[in-house]
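The next block holds one structure in the form of structure tokens; read it before the comments.
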Amino acid sequence: MNNPRRILGIDPGLTITGYGILEYSPLRPILCEAGIIRTADDAANSLEEKVLSVYKGVVDAIAQYRPEAMAVEQLYAHYDHPRTAILMGHARGVIFLAAAQHGMPVVSYAATQVKKIVTGNGRASKEQVQRTIQRELGLAVLPEPPDVADAIAVALCHYYQSRIE
Numbered sequence: 391m392n393n394p395r396r397i398l399g400i401d402p403g404l405t406i407t408g409y410g411i412l413e414y415s416p417l418r419p420i421l422c423e424a425g426i427i428r429t430a431d432d433a434a435n436s437l438e439e440k441v442l443s444v445y446k447g448v449v450d451a452i453a454q455y456r457p458e459a460m461a462v463e464q465l466y467a468h469y470d471h472p473r474t475a476i477l478m479g480h481a482r483g484v485i486f487l488a489a490a491q492h493g494m495p496v497v498s499y500a501a502t503q504v505k506k507i508v509t510g511n512g513r514a515s516k517e518q519v520q521r522t523i524q525r526e527l528g529l530a531v532l533p534e535p536p537d538v539a540d541a542i543a544v545a546l547c548h549y550y551q552s553r554i555e
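If you want the working numbering, it's the position in the sequence shown, counting the first as 1, plus 390.
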């Protein structure tokens, strides 16, 4: 029996990494699983412990759901907060490593591109993204926290892009 076609969407972060797994279906994508990988945000946890937690969480999701591709939100760097971008780069690095170790292709999407494709507005608010995800996937409740909605939105963006290519 063939494995179902699935996409793993990731909203990377060192404290909270959102993930969402979508499965292709004839009518609309099906949400298989979504959640967060949380690391302790305190001085007692070193950077290496945090990136290891992110890595293990992503590897677990890959092993359990066996997606064929990963879609990751691109790094956004703000001039006022360069340290945030550097820390986010550490999280993205171990996420890409997990994908590479499993022979999985990774596609990166800018947040504005994801919002434009999913909601029709590249500057959509977090709430607009959550409501669109809820409607598009027929969910009973809004996906929470916003990191989960963002991860599902990245996966949904890739789903739509892969269907037209």
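Where a beta carbon is used, it is the ideal one built from N, C-alpha and C, also for glycine.
Assumed close pair residue i, residue j - CB separation to whole angstroms, cut-off 8 Å
i: Ala424; j: Pro533; result: 6 Å
i: Tyr549; j: Leu412; result: 6 Å
i: Met478; j: Leu465; result: 6 Å
DSSP-derived helix/strand/coil call for residue i
i: Met460; result: strand
i: Arg418; result: coil
i: Tyr409; result: strand
i: Glu423; result: strand
i: Leu532; result: coil
i: Leu404; result: coil
i: Arg428; result: strand
i: Arg553; result: helix
i: Ser436; result: coil
i: Gly479; result: helix
i: Leu527; result: helix
Residue i: first and last residue of the uninterrupted beta strand (DSSP E) it sits in
i: Ser498; result: 496–499
Distance CB(residue i)-CB(residue j) smaller than 8 Å
i: Tyr499; j: Ala461; result: yes
i: Val449; j: Ile427; result: no
i: Leu421; j: Leu529; result: yes
i: Ala501; j: Ile523; result: no
i: Lys440; j: Leu404; result: yes
i: Asn393; j: Arg456; result: yes
i: Ala541; j: Val497; result: no
Continuous alpha helix (DSSP H) stretch holding residue i: start and end
i: Pro394; result: Segment: none, Pro394 is in no alpha helix (DSSP H) and carries neither H nor E.
Closer than 7 Å: residue i CB and nearest the ligand ATP heavy atom
i: Tyr455; result: Among the ligands in the structure shown, none appear at all, so the ligand ATP cannot be discussed.
Could you say if the region 481–492 and the region 511–526 meet the contact criterion of at least three C-beta pairs nearer than 8 Å?
no
Counting pairs of beta carbons, one from the region 395–415 and one from the region 529–548, are three or more of them closer than 8 Å?
Yes, since at least three Cβ pairs between the region 395–415 and the region 529–548 fall closer than 8 Å, the two stretches touch.
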